[in-house]
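As structure tokens, the structure follows; a few thoughts come after it.
Number of protein chains: 4
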Amino acid sequence: MPYEIKGLNEECGVFGIFNVPDAANVTYFGLHALQHRGQQGAGIVASDGQKLRQFRDRGLLSEVFSNPADLDFLKGNMAIGHVRYGTAGSDSLANVQPFLFHFQDGEIALCHNGNLTNAKTLKKRLEDSGSVFQSSSDTEVLIHLIRRKVRMPFIEALKASLNEVKGGFAFLLMTNDTLYAALDPNGFRPLVLGQMDNGSYVVASESCALDAVHAKLLRDVQPGELLIINKDGIKIDHYTTETQLAVCSMEYIYFARPDSIIHGVNIHTARKRMGMLLAKEQPAPEDADMVIGVPNSSLSAATGYAEAAGLPYEMGLIKNQYIARTFIQPTQALREQGVKMKLAAVRGVVSGKNIIVVDDSIVRGTTSRQIVQMLKEAGAKSVHMRIASPPFKYPHFYGIDISERKDLMAAKYSVSDMCKLIGADSLGFLSIPSLIKAVDMPDAGDAPNGGLTVAYFDGKYPTPLYDYENQVKEPLNVEPVEEILKKQNRGE
Amino acid sequence: MPYEIKGLNEECGVFGIFNVPDAANVTYFGLHALQHRGQQGAGIVASDGQKLRQFRDRGLLSEVFSNPADLDFLKGNMAIGHVRYGTAGSDSLANVQPFLFHFQDGEIALCHNGNLTNAKTLKKRLEDSGSVFQSSSDTEVLIHLIRRKVRMPFIEALKASLNEVKGGFAFLLMTNDTLYAALDPNGFRPLVLGQMDNGSYVVASESCALDAVHAKLLRDVQPGELLIINKDGIKIDHYTTETQLAVCSMEYIYFARPDSIIHGVNIHTARKRMGMLLAKEQPAPEDADMVIGVPNSSLSAATGYAEAAGLPYEMGLIKNQYIARTFIQPTQALREQGVKMKLAAVRGVVSGKNIIVVDDSIVRGTTSRQIVQMLKEAGAKSVHMRIASPPFKYPHFYGIDISERKDLMAAKYSVSDMCKLIGADSLGFLSIPSLIKAVDMPDAGDAPNGGLTVAYFDGKYPTPLYDYENQVKEPLNVEPVEEILKKQNRGE
Amino acid sequence: MPYEIKGLNEECGVFGIFNVPDAANVTYFGLHALQHRGQQGAGIVASDGQKLRQFRDRGLLSEVFSNPADLDFLKGNMAIGHVRYGTAGSDSLANVQPFLFHFQDGEIALCHNGNLTNAKTLKKRLEDSGSVFQSSSDTEVLIHLIRRKVRMPFIEALKASLNEVKGGFAFLLMTNDTLYAALDPNGFRPLVLGQMDNGSYVVASESCALDAVHAKLLRDVQPGELLIINKDGIKIDHYTTETQLAVCSMEYIYFARPDSIIHGVNIHTARKRMGMLLAKEQPAPEDADMVIGVPNSSLSAATGYAEAAGLPYEMGLIKNQYIARTFIQPTQALREQGVKMKLAAVRGVVSGKNIIVVDDSIVRGTTSRQIVQMLKEAGAKSVHMRIASPPFKYPHFYGIDISERKDLMAAKYSVSDMCKLIGADSLGFLSIPSLIKAVDMPDAGDAPNGGLTVAYFDGKYPTPLYDYENQVKEPLNVEPVEEILKKQNRGE
Amino acid sequence: MPYEIKGLNEECGVFGIFNVPDAANVTYFGLHALQHRGQQGAGIVASDGQKLRQFRDRGLLSEVFSNPADLDFLKGNMAIGHVRYGTAGSDSLANVQPFLFHFQDGEIALCHNGNLTNAKTLKKRLEDSGSVFQSSSDTEVLIHLIRRKVRMPFIEALKASLNEVKGGFAFLLMTNDTLYAALDPNGFRPLVLGQMDNGSYVVASESCALDAVHAKLLRDVQPGELLIINKDGIKIDHYTTETQLAVCSMEYIYFARPDSIIHGVNIHTARKRMGMLLAKEQPAPEDADMVIGVPNSSLSAATGYAEAAGLPYEMGLIKNQYIARTFIQPTQALREQGVKMKLAAVRGVVSGKNIIVVDDSIVRGTTSRQIVQMLKEAGAKSVHMRIASPPFKYPHFYGIDISERKDLMAAKYSVSDMCKLIGADSLGFLSIPSLIKAVDMPDAGDAPNGGLTVAYFDGKYPTPLYDYENQVKEPLNVEPVEEILKKQNRGE
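Chain order of the listed sequences is A, B, C and D. Under our numbering, the first residue of the first sequence carries the number 1, and numbering increases by one thereafter. Under our numbering, the first residue of the second sequence carries the number 1, and numbering increases by one thereafter. Under our numbering, the first residue of the third sequence carries the number 1, and numbering increases by one thereafter. Under our numbering, the first residue of the fourth sequence carries the number 1, and numbering increases by one thereafter.
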């Protein structure tokens, strides 16, 4: 998993379906196609029209549902499901979604992909008047907001609450007879609507999940929309009209599966274009022999670069397919080898060659440095890093795990310093305009940045940051490059 | 597990300790001694003075903590732990305790043994003003009550909340620096205070857990008490003085471990006396050859009966020690054999003999009938059932799983009809006065029934029943004995 | 498991059945009743008349067959199964039985309960001419002996081979259409023949397995017999007539389940008589208050002692039912508590009392010492150990794990020294004649010692010892009692 | 795993090391890099100079050694290890290697990659004189042959035995102080010798395992060689000089990892050249829009084809990284979706396009047909299959799982019929001369076919086939193409 290698942790994937027999089974297949969005936990809640049933656990979907009886238990023709990334820890289970709330007046299941930027404030407000939160997840906030509106009908309470939460979110809710899907006012997170041959509606984080269940992609859920799906069909409602498309560019760069289509753009194609534009902006040195990609997420960009540069695309790094998720590193002395177990340089390919390595992004820089080192140990004459996205300088508050500037190498160092730190012979990034051009969303209209959020690169966030406002302003403590290099030389 | 055989499900066991190194380890050993009180789930929360850490899962304690790292993770010198019985089901995990609540102003862990009789009412009231419950457990109600008292200091809010909840309860709470233990105003559930050699205080459901960690039994926690244990030592406070001792008689009859001491009375000794008094009240027929007990919970009473009756005590039934908890019954045709896998009649002992079988109680009657059948198949000439407690006619609202009268055989049938239904040659129960005499609590003072709750036998509940009030009044639908016997003969 | 506590490791249990539908399922239930004979591994081989299929693994039967598909896989109407004790170790799986051998001319499955005294010699002879053994088990020797007789018909080769192996053995063999059962010439190990209602024959280590599958006990397999069961019915053949009944007395004392019947004697009844005779030979001191047994294997003898002594039988020790087989002992400091997790003294019963503890045997003495200590810590005024078997002085070569004299406390110390070493106030053992009298096999005829092997007590082995001959003669290195006591006082 | 998709099952991987601390740990890392050669079981035997210790189990390496204690148990500074593919089944464990044999005169561990063509004959001969085989693996034959030479010194017996076994084999043997490695006389299976910085020798199936443990590749083990490694260093001996290099071409086409180097040729590079030559021999149609590869094994060839054809290389198929090995297919109705869970077509890439799909081989043809169908469903205008190896017409007897001609599509149908059956718009294969040219082994000398075995394509086996002789001659029962197509149309 490149994600692990890099330390950028994707958020989650959601899937919901209404009106198919064995909805939980279909949801299983849909979630399977979304597994790349989260491997820490998985769950499904199904409704048979009367009662909601839940099964969830830590681990991969196939581990969670290793006992067929647990899937059979989830009876009914509607279901929502979730795969999640969660911080390692011992009781993350309370955070595995979907959540299922039993009220004396009914049941509600809820799952979520995204990050609320005012969750802390809302939680404090709710706690101050006596609310009790059981999970550390943002998701729970929504249900508390809804339930506090005690005299309001459910739909109104839901809409009002959706207007209170800020940030990036794609919520699925399910009562015993209705499925709801809501997207944040900027459409930060992807969410698509599909339809099966029998007319059933499906909602999923990515279109690859629709393909997996043979559903047709109808459209992307739009910012501010609230979809209501029940026996009366689908109603496309809005909880707000103050919207502005600003899709998370990291979905195109890194998160989404290559076969998904987000706002009309195929991910692989967008990445390949990023690689092509990168080849123009950050051309290969004259003596370059080949282009290689970092498997698996950078392969599309790397082939694009190779094509545009007129250089052969080679397999210079390979990824071991059999990485155990909980890997034992039996002795301290062999710990270092553990790193080499995920990626291997192909000596027969790179030895004696000048190499262009295309990667999708640099977060902490650790992996980049290891890759350069690995290639040089395998005999590469020179290693030129090319990154198919702009320098990642500002935290990502709308969905992923890194929200501290100090962890971002590009927040602290210039490109030339980064080049020194990772030990490459040259380093180049894609520009923001090229990123926008590579994605080229057909339905962006006149949205800024072609409908993309590029705040991670330029710091211009499309919304207020609420709880995180101060965080972007904090000064960074930057260790001099020379100091770090000295330490590295000493093997620290 | 006799519990499984009988269908009476014990509630839970709690354990808490303050001020020992590796408190979670000690808690592990304490809970191990309480495992008989619940096998469905187990958990521990520990505090290192700063932070509370939780680990819990479904299964036996040793299964939950099969990975030593999970116990190591629970750092700190104070901890609370819980073993629980939970209804089978797919996501009972949300109900596995201790619960851990993260508030923006601190953390609270909470676990509980008992049953609240007004939980439904309280939940409704709280939900009506916007509270959200995540578990189906009663336990969560307390924390909501506390947190709703937003302007009250914690201790006051806790005391006020303890006055709101009704029923049987033994609560342990832990903040980052203090351990709290509270018992219901009737002392329905057992809870003892102990002390280790180093002066550390320990609170546990039964004294056998104190023995397991080499702690000395100091005293039983008294009805209405609130114990506050922290670096200042122990403070024995009260949240109410309107108390009346009414210890659950089922603890003496059936739940507690034979080596525990509750209110000064050793359980084995009390059970043996029940057997002795039973022999006087329900004497053996003249031709009786021997007394046998139903393993394991009835062995004490059976030896008492044998001694008083002057009859040999024999091992006529043995229990297979290797019952898998999740047992496969591979084919329908062999399902019936499954029943025989828990108990076996000792043919060489019972064949051709007139047998007195002593059991501790009859709940549904199913097991009793199987035991009689098993013994007769093994050649017993006659089988006389003697029950070392009074007929169980009224539901148990203070802690266990059976709260429906229709499930209680004695609620629907006379003793002579019960005898016919289980196929015994005679049947006799202990009287309520003898039960009280057998227990003979030294510290009961002038409490009614010698400090025992005997409501399960006479219907005179020591408290209002709140949410369950109507339930005891509902008329029962009683199928005629002859109809049932006919069905049994037809093998239905 | 008292076995673990004591360190005497039972050997194995075997079960075979011919001509029932789903024979593997029936075998599962039979083995379940034999689980006390071995918990380290389990397996079944079934035949559908054409092909033998095997499934086996480490662990309890219910763990091995936790996936129903594995039992379904074992198709056919005949099967043999095995539960085994194996030395802890990392690859004991190769030793889990039944073994299945695929020859180009057919398949043979084989399992075994016992110990061959000339296995080493036979193995050497076979290896010297090129045989290769894969397991460390004795069992494999038989198949090699059979196969080396290359020109002999199978039955003849089997009989000849059974005459070559020495020691205690109960073998089950199965080809695609026939089930074979063979017992050693002394009948050291138990083996019974039963019949189901449909006429099917069943062979099992103990009669409790027959009860578990509703089969009727027909007779014990006799020394030197070879049973041949196939579609032509049963043929009771002999491979030798030079036989002499010498049933292992440890089966009566300790191994077998109380409900089993071996050579016409019910185990519980025999043990109770041992206890009664023990009370006569080693009477209780005048001031004794009660008799207690060590759970579970000594309970029968203890009740017998109590009855004969006219003393109350009490539950002074209880056994935790929830001992995990692979127990974590998280810290060195808590290791000592680990010992206390198996047994607990019932303080309320023993405190201030003079106690008679009845145990079935003393092997190393470690457990006895811990029990005395535990009871004294719980307040016992005096502890008098009474052992319902003679002093165990000579190794057991016919089936169990202890074959070194130096491990046997009674081989090195006098009874009065043993008493000092375990810290008891008095110690007494049953005499050999009383043991024989207590068992009193009806079919022993004029066999020495009433048909029992008592060599463990008097050193007069009923057969030559072959590979073990020198072992009984080796001088013992005996540490002076005073030295040991000093060490114990220093806490070593 | 493309292997699963295709049904070609690779054999095994072996790894051995002498003279490093914690040899088992190093072996673990080496085997991790060989995991692609077998995922059904794994094991390691280590020697501490005195004693050999073994641990092995079913499953992935990381699953087998999930408990660090099991690796710690394998003490010593020499070890051999094995990963294996085994036929699905319930007791494949007896076949998990390395095997460990305990003789009264010492211990031998043994593991093996390959297939013996005269194993059946040898087994019969050995069984006829009384040998007993426990596994169904060929591997065991060698140890029997050695041990039957009872009066010969070990090395001589080993050499003589290696001359008796025929077929493809790479054996590792280990006694308590010496490591042996032997390769078949044709070098069918790959085996390399490496050296660590401290001088320790390493032997492994592929050079990627040397990289993983930081060992330098010294040379390929040559046909007929017997390496003897112990404290005296390494001795490169021969058991035969009648050798002829004929490396299995499937290693280059399909089995080996792209970063391995076999006989001086990097696998990725060879595959890329196969793709390039394929583009010349089987050119793309004029209207072709792009080249796509079947992940993961065909990616190298596909980029070669794209480069040579001057067409863009696109990601038109993606592989789900999270395929559970034991996948549940909860309902029959959803079974068909199960197939789609491994591969997905990238609609956004292929829709409306004319596609060249490059795959490495066609075995049964089932996967090829599914891929064509998947791409057409995703909107591909035309799908042209190009196979980067010659038609696979003759069984592979030197190491893999397919030895029946009837399973090979190319054995039964012409290329044009195959094209119809898989539903492609055109189909083309690489020629044998081009395959040879693509590999171009530098050290092949004048070996036929450039040192490669191409018998799978032309039926000219470089050795007699012994037990399999008749199999290649059996007539094939070929169902007419039209019949199959009709069935397919009817959805059968």
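The C-beta atom is built at its ideal place from N, Cα and C for all residues, glycine as well. If you're wondering where the values come from, they're calculated on a predicted model, not measured in any experiment.
Proximal residues to residue i (C-beta, below 8 Å), its chain only, five neighbours per side dropped
i, result
"I143/C", "F99, F101, I108 and L110"
"L476/D", "R405, K406, A411 and K412"
Limits of the beta strand (DSSP E) - the one that residue i falls within
i, result
"E107/B", "G106 to L116"
"H36/D", "Taken as a continuous stretch (DSSP letters only), H36/D belongs to no beta strand (DSSP E), as it is neither H nor E."
"Q54/C", "L52 to R58"
"S434/B", "Per DSSP, S434/B belongs to no beta strand (DSSP E); it is in the alpha helix (DSSP H), I432 to V439."
Beta-ladder partner(s) of residue i, from DSSP
i, result
"M290/B", "I355/B"
"L61/D", "According to DSSP, which records beta bridges pairwise, L61/D is partnered with nothing at all."
Reference residue i, options the options, closest by Cα
i, options, result
"Q195/D", "S205/D, Y180/D, R219/D and L179/D", "R219/D"
"G224/A", "L60/A, P462/A and G187/A", "G187/A"
"F15/D", "N118/D, D22/D and L34/D", "L34/D"
"A308/D", "M290/D, V294/D and G399/D", "M290/D"
"G304/D", "T269/D, P285/D and L317/D", "T269/D"
"A79/A", "I44/A, R125/A and G316/A", "I44/A"
"Q282/B", "L427/B, S200/B and P464/B", "L427/B"
7 Å CB neighbourhood of residue i in its chain, flanking five on each side removed
i, result
"A455/C", "Y394, Y461 and P462"
"F73/B", "R53 and F55"
Residue interval of the alpha helix (DSSP H) (run including residue i)
i, result
"K305/C", "The displayed chain sequence assigns Tyr, not Lys, to residue 305/C. First-last of the alpha helix (DSSP H) with Y305/C: L299 to A309."
"F101/A", "Per DSSP, F101/A belongs to no alpha helix (DSSP H); it is in the beta strand (DSSP E), F99 to F103."
"L375/C", "T366 to E377"
"E164/C", "F154 to E164"
Residues near residue i by beta carbon distance below 6 Å, same chain, minus five either side
i, result
"E140/C", "F133"
"K159/C", "Y239"
Contact test: residue i Cβ vs the ligand MN heavy atom, cutoff 7 Å
i, result
"N186/B", "As presented, the structure is devoid of all ligands, the ligand MN included, so that no description of it is given."
Problem - Segment contact flag, the region 384 to 392 of chain B with the region 357 to 366 of chain B, C-beta cutoff 8 Å, min 3 pairs - result: Contact holds: three or more Cβ-Cβ distances are below 8 Å.
Practice task
Count the CB pairs spanning the region 226 to 234 of chain C and the region 262 to 280 of chain C that are closer than 8 Å, and state whether there are at least three.
Solution key: Between the region 226 to 234 of chain C and the region 262 to 280 of chain C, the count of Cβ pairs shorter than 8 Å is below three; the stretches do not touch.
Handout entry: Cβ pair count under 8 Å reaching 3, the region 484 to 492 of chain C against the region 49 to 62 of chain D
Key = The answer is no - the region 49 to 62 of chain D does not touch the region 484 to 492 of chain C, with fewer than three Cβ pairs under 8 Å.
Practice task
Give a yes or no on contact between the region 411 to 427 of chain A and the region 367 to 374 of chain A, applying the rule of three or more CB pairs nearer than 8 Å.
Solution key: Yes, since at least three Cβ pairs between the region 411 to 427 of chain A and the region 367 to 374 of chain A fall closer than 8 Å, the two stretches touch.
Practice task
Please confirm if the region 109 to 128 of chain C is in contact with the region 117 to 126 of chain D, defined as three or more CB-CB distances below 8 Å between the two stretches.
Solution key: In the pairwise beta carbon analysis, the region 109 to 128 of chain C is classified as not touching the region 117 to 126 of chain D: fewer than three pairs are separated by under 8 Å.
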